[in-house]
Every structure is written in structure tokens, then in C-alpha cells.
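In the numbering used here, the protein residues as written are 38 to 132.
Shown next as C-alpha cells:
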């Protein structure tokens, strides 16, 4: 979520990653490496106070990428999937 306009053809057809007016922090506008920044609420994820940020970081970008790919396949427990490559994304998919 986040960075898409919710109004263009791609957004209305449930393809927000192809948004024609998308805003990407560090890509289309500054931010991300500053001490403080302003971000849209729908682009944020709350990390529980008890969770060490070191453990939360991997699931925020690569983890969401893999989670969404698997979620959209409507897999059931026990389904067999193939994971090509055991790099950053693949290792999270296996987990």
C-alpha cells in the first residue's frame, strides 16, 4: 500500500504498483534517509513496540513483496510451491 493515487485506471483495476501518478519515496520525491520525514498513512506499517526493529526490517519490503505474491495465489496449507533462488526474497518466501 502507499504511493498510489487510488484514482487512475491502473489503481481502479487493482494494479496499484502500476499507478500512473505513483509517488515513491526516494524515487519520485525526497525522503527515507532523513532523521524525520512525512509519509502517507497508507504507506506505513506499525512495528509493535515489543518487537526489535532488527527483526522487523526484513519483513517490511522484501517480506511484503513475497507475502503479497503468495497471498494472491490463494494457496492452502500444505500447498506445494517452487521458490527460484534463495536470495533475499527467496529466503523470506521459504520462511
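Glycine is no exception: its CB is placed at the ideal position from the N, C-alpha and C atoms.
Task: alpha helix (DSSP H) runs wholly inside the segment 95–131, at least 4 long, in chain order - done: 99–108 and 125–131
- [ ] Go through its chain and collect everything with a Cβ distance to residue 53's Cβ below 6 Å, but skip five positions before and after it.
- [x] Numbered from 1 along the chain shown, position 16 holds the residue referred to as residue 53. Excluding positions up to five away in sequence, the list reads 41.
Open item on the list: Rounding to the nearest angstrom, what Cα-Cα distance links residue 135 and residue 113 in this structure?
Closed with: One cannot answer for residue 135 here, as it falls past the ends of the chain, which runs 38 to 132.
- [ ] Alpha carbon to alpha carbon, how far is residue 75 from residue 67? Give it in angstroms, no decimals.
- [x] Reading the chain shown from its first residue, position 30 is the one you call residue 67. Reading the chain shown from its first residue, position 38 is the one you call residue 75. Cα to Cα, residue 67 sits roughly 10 Å from residue 75.
- [ ] Report the residue ranges of all alpha helix (DSSP H) runs contained in full by the segment 45–100; include only those spanning at least 4 residues, in chain order.
- [x] 46–49 and 90–97
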